[in-house]
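Asker: So that we are looking at the same thing, I have put the structure below in structure tokens.
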Amino acid sequence: MLDPKYVREHETEVRKALADCHSKVDLSLYLDLERRRRDLMMSVDKRKARLNQASEEMARMKKEGKDITPYQAKLKELSDEIKQMDGEIAAVEKDFREIELQVCNIPHSSVPVGGEEANQEVRKVGEPAKFSFKPKSHDELGVALGILDFEKAAKISGARFFTLSGLGAKLERALANFMLDLHAPKGYKEMVVPHLVNYQSMEMSGQFPKFIEQAFAVEKDNFYLIPTAEVSLANLHRGETFAAGSLPRKYAAFTPCYRREAGSYGKDTKGLIRLHQFNKVELFQFVEPDKSMEALEQLTADAEEILKKLGLPYRVVVLATADKSFASIKTYDLEVWLPSQNQYREISSCSNCGDFQARRGAIKVKKEGGAKPELVHTLNGSGLAVGRTWLAILENYQQADGTVAIPEVLQPYLGGLKTLTPGAA
RNA sequence: GGAGAGAUGGCAGAGUGGUCGAAUGCGUCUGACUCGAAAUCAGAUUUACGGGCAACCGUAACGGGGGUUCGAAUCCCUCUCUCUCCGCCA
């Protein structure tokens, strides 16, 4: 959500931003509703002031024992008029809010303009391994090793689910522990958070109303399943004002993520790439408003470190204006190399949301010297998507005989295990 | 799931239809006293929106929403949350 006053005063800039994000929002309607709301408020406020004055007068008269009945009818008229106008304001406000919630965040000036094709590679780290044989896909490897099963999951739930067993399950847990252990010393407080959240939490973090079709809903109880722990972490401090000097606040949470993947029929149907449920370690930061751009670089580096330590080749891409997420002003995607696909695939997305979420959630920070509290800036990033890390390890560390080497840093988490071999699970 | 109690400013806690945005205490900030500090005294101390260059003015907010009334923190309805007791349960 943007500051309506800012939008009003920077119409040209906002129009360009909307165009750059390929947004279909009607800004003229936005401005018109905002104007009407203000006009109505001004005239109703005047009437309310009059009514308040009259009410005080009535109180005084009653105290003096005077008869107030003759005035009541007249004030009833004014009161009814106010009620009617309040109704009009509520209607305009509802319309305004509806459109306001559809306005995307304004991209940072350093973000390339355009759609997916305009995304820019920022850096490439590590060299994709050369295989003397044709590298297999992770699902082929996993199924052959006996640690990954889609058929069982299909029986239990349906398409786009998976089960891991034995060392496959243990590898998943090892990865999560490895990631959390690496983030903790950098100030990320580990959290366990709700996976079922209310509408307001989804709205605050920017998922709703725009992406409501992408969320699983528990309609009977008015809950939504989190598509990412970002939702829960972002809402941790909703409605709060941080004390001066108490930022940044950093959090990490390991949770499943639930996504309907509506509209992605036929895409990535094989393997672990696109599922209704997957595990992720999420990083989240609340920072001072002037610190968020540098925080984004640091957050991205924190996520990258996992890939570096695991020895997985990857590249960093800055997402173009129309490809970045709705709430973000700048997003870096981390893409890991997948030998079987001969391409880089997203494994993390790190975003600076500026004050967009903070405005929806009224999250502020007090300033030194008694100045007015300001909205904080929020950042989120995957550090990392555990399922995709799991599959990246299988693919990148596979050997000619179908076994998979375990990266050295993970071995302590797997009881010293060095290789995944068929039957061992 | 059943029965009951409650939700007020940073915190504690009064207020049960009329100058209540809200007593009082604590906390915090400023000033006085002091070499300095403590203690004491004096004052200040919510937020949002709108108008104004500004000083400032107006409106709204006592868990959320709705209602009664000329007027609601106060009465009514409803939802959420918290607490106590009972039941159930990892």
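According to this note's numbering, numbering within the first sequence proceeds without interruption in unit steps and concludes at 425.
Glycine included, each C-beta is placed from N, C-alpha and C at the ideal position.
Quantities reported herein were computed from a predicted structural model and do not represent experimental measurements.
Buried or exposed for V281, please, with buried defined as at least 16 other CB atoms from any protein chain shown within 10 angstroms of its CB.
Answerer: In the first sequence, counting from the first residue as 1, residue 281 sits at position 281. With 16 or more Cβ atoms within 10 Å of its Cβ, V281 is classed as buried.
Asker: Roughly how many whole angstroms lie between the Cα atoms of R260 and V197?
Answerer: Start at 1 with the first residue of the first sequence, and residue 260 comes out as number 260. Start at 1 with the first residue of the first sequence, and residue 197 comes out as number 197. Looking at the two C-alpha atoms, the distance is approximately 16 Å.
Asker: Under 8 Å Cβ to Cβ from I99, same chain only, skipping five residues before and after it: list those, please.
Answerer: Along the first sequence, read from residue 1 onward, the residue named residue 99 stands at position 99. Contacts found: V25, D26, L29, Y30, L33.
Asker: Taking the alpha helix (DSSP H) that Q285 belongs to, which residues open and close that run?
Answerer: Here residue 285 is taken as the residue at index 285 of the first sequence, counted from 1. That residue, Q285, is in no alpha helix (DSSP H); its beta strand (DSSP E) goes 277-287.
Asker: Does DSSP put A385 in a helix, a strand or coil?
Answerer: Taking the first residue of the first sequence as 1, we reach residue 385 at position 385. Correct three-state label for A385: strand.
Asker: Once DSSP output is grouped into helix, strand and coil, what is the label at T12?
Answerer: The sequence position of residue 12 within the first sequence is 12, counting from 1. Correct three-state label for T12: helix.
Asker: Would you mind stating whether G387 and N279 have Cβ atoms separated by less than 7 Å?
Answerer: As a working mapping, residue 387 is identified with position 387 in the first sequence. As a working mapping, residue 279 is identified with position 279 in the first sequence. Cβ distance < 7 Å, so G387 and N279 count as in contact.
Asker: Just checking, does the region 321-335 make contact with the region 289-305 on the three C-beta pairs under 8 Å criterion?
Answerer: Counting Cβ pairs under 8 Å, three or more are found: they touch.
Asker: Cα separation between G416 and D139?
Answerer: Numbered from 1 along the first sequence, position 416 holds the residue referred to as residue 416. Numbered from 1 along the first sequence, position 139 holds the residue referred to as residue 139. So the two alpha carbons sit approximately 24 Å from each other.
Asker: Three-state secondary structure (DSSP) at K372?
Answerer: Your numbering for residue 372 matches position 372 in the first sequence. K372 falls in the coil class under three-state DSSP.
Asker: Taking a contact to mean a Cβ-Cβ separation below 7 Å, would you say E77 touches R37 in this structure?
Answerer: Here residue 77 corresponds to residue number 77 of the first sequence, with the count starting at 1. Here residue 37 corresponds to residue number 37 of the first sequence, with the count starting at 1. No, they are not a contact pair.
Asker: Per the contact definition of three or more C-beta pairs closer than 8 Å, is the region 128-148 in contact with the region 245-261?
Answerer: The answer is no - the region 128-148 does not touch the region 245-261, with fewer than three Cβ pairs under 8 Å.
Asker: Leaving out the 5 sequence neighbours to the left and right, which residues in its chain are closer than 8 Å to S79 when beta-carbon positions are compared?
Answerer: Reading the first sequence from its first residue, position 79 is the one you call residue 79. Closer than 8 Å at Cβ, skipping near neighbours: L51.
Asker: Which whole runs of the alpha helix (DSSP H) in the region 289-351 are 4 residues long or more, in chain order?
Answerer: For the region 289-351, whole alpha helix (DSSP H) runs of length 4 or above, ordered along the chain, are 292-310.
Asker: Less than 7 Å separating the beta-carbons of S350 and G381?
Answerer: Counting from one through the first sequence, the residue named residue 350 turns up at place 350. Counting from one through the first sequence, the residue named residue 381 turns up at place 381. Ser is not the amino acid found at residue 350; the sequence shown has Cys there. Against a cut-off of 7 Å, the Cβ pair of G381 and C350 comes out as a contact.
Asker: Excluding sequence positions up to five away, which residues of its chain have a Cβ less than 7 Å from the Cβ of G263?
Answerer: Position 263 of the first sequence, counted from the start, is the residue given in the question as residue 263. The answer is none, since no qualifying residue turns up.
Asker: Measure the CB-CB distance between T241 and K74 and report whether it falls below 7 Å.
Answerer: Taking the first sequence and counting its residues from 1, the one referred to as residue 241 is at position 241. Taking the first sequence and counting its residues from 1, the one referred to as residue 74 is at position 74. No, Cβ-Cβ distance for T241 and K74 is not below 7 Å.
Asker: Taking the alpha helix (DSSP H) that L78 belongs to, which residues open and close that run?
Answerer: Indexing the first sequence from 1 puts residue 78 at position 78. Per DSSP, L78 belongs to the alpha helix (DSSP H) from 69-100.
Asker: Give, in chain order, every unbroken run of the alpha helix (DSSP H) that is at least 4 residues long and sits entirely within the region 124-170.
Answerer: If we require 4 residues or more, the alpha helix (DSSP H) runs fully inside the region 124-170 come out as 138-145, 151-156.
Asker: Given N119, which residues of its chain have a CB within under 8 Å of its CB, disregarding the five upstream and five downstream residues?
Answerer: The residue given as residue 119 occupies position 119 in the first sequence. So the qualifying residues of the chain are P112, V317, V318, L319, A320, D323, D333.
Asker: In or out: G239 buried (at least 16 other Cβ within 10 Å) or exposed?
Answerer: Start at 1 with the first residue of the first sequence, and residue 239 comes out as number 239. Exposed, since its Cβ has fewer than 16 Cβ neighbours within 10 Å.
Asker: Would you tell me roughly how many angstroms separate the C-alpha atoms of I273 and V7, rounded to the nearest one?
Answerer: On the first sequence, position 273 is the one that residue 273 refers to. On the first sequence, position 7 is the one that residue 7 refers to. Approximately 39 Å between the Cα atoms of the pair.
Asker: Among all the DSSP beta bridges, which residues are the ones paired with K364?
Answerer: For the purposes of this step, residue 364 is taken as residue 364 along the first sequence, with counting starting at 1. T241, L375, per the DSSP bridge assignment.
Asker: Does DSSP put A229 in a helix, a strand or coil?
Answerer: Position 229 of the first sequence, counted from the first residue, corresponds to residue 229. Three-state DSSP puts A229 in coil, outside helix and strand.
Asker: Closer than 8 Å by C-beta to A154: which residues in its own chain qualify, once you throw out the five before and the five after it? Chain order, please.
Answerer: Position 154 of the first sequence, counted from the start, is the residue given in the question as residue 154. Within the same chain, A154 has close Cβ partners F161.
Asker: Quick one: residues in its chain with C-beta nearer than 8 Å to the C-beta of K367, no 5 flanking neighbours on either side, listed in chain order?
Answerer: Position 367 of the first sequence, counted from the first residue, corresponds to residue 367. So the list reads A244, P373, E374, once near-sequence residues are dropped.
Asker: Beta-carbon separation of I329 and H108 under 7 Å?
Answerer: What you label residue 329 is simply residue 329 of the first sequence in a count that begins at 1. What you label residue 108 is simply residue 108 of the first sequence in a count that begins at 1. It is a contact, given that the beta carbons lie within the stated cut-off.
Asker: Spatial neighbours of T419 within its chain, please: CB distance less than 6 Å, with the 5 preceding and 5 following residues excluded, ordered by chain position.
Answerer: Counting from one through the first sequence, the residue named residue 419 turns up at place 419. Excluding residues within five positions, the ones whose Cβ falls inside 6 Å are T403, A405.
Asker: Using 8 Å as the Cβ pair cut-off and three pairs as the minimum, do the region 205-215 and the region 225-233 touch?
Answerer: Output reads yes: the region 225-233 touches the region 205-215.
Asker: Spell out the partners DSSP gives T419 in its beta bridges.
Answerer: Counting from 1 along the first sequence, the entry for residue 419 is found at position 419. For T419, which the question treats as bridged, DSSP gives the partners A405.
Asker: Using a threshold of 7 Å, state whether the C-beta atoms of C104 and S23 are closer than that.
Answerer: For the purposes of this step, residue 104 is taken as residue 104 along the first sequence, with counting starting at 1. For the purposes of this step, residue 23 is taken as residue 23 along the first sequence, with counting starting at 1. Going by C-beta atoms, C104 is nearer than 7 Å to S23.
Asker: Within 10 Å of its beta-carbon, does S55 have 16 or more other beta-carbons around it, so buried, or fewer, so exposed?
Answerer: Position 55 of the first sequence, counted from the start, is the residue given in the question as residue 55. It is exposed - the Cβ of S55 has fewer than 16 other Cβ atoms within 10 Å.
Asker: Consult DSSP for R249 and reduce its assignment to one of helix, strand or coil.
Answerer: Against the first sequence, residue 249 aligns to sequence position 249. Reduced to three states, the DSSP call for R249 is strand.
Asker: Whose C-alpha, out of T378, N396, L310, is nearest the C-alpha of N342?
Answerer: The residue labelled residue 342 in the question sits at position 342 within the first sequence. Here the closest residue by C-alpha is N396.
Asker: Can you list, in chain order, the residues of its chain whose CB lies under 6 Å from that of T389, leaving out five sequence neighbours each side?
Answerer: As a working mapping, residue 389 is identified with position 389 in the first sequence. The answer, listed in chain order, is L175.
Asker: State the DSSP-derived secondary structure class of K267, mapped to helix, strand or coil.
Answerer: Sequence index remark: in the first sequence, residue 267 carries index 267 (1-based). Coil, per DSSP.
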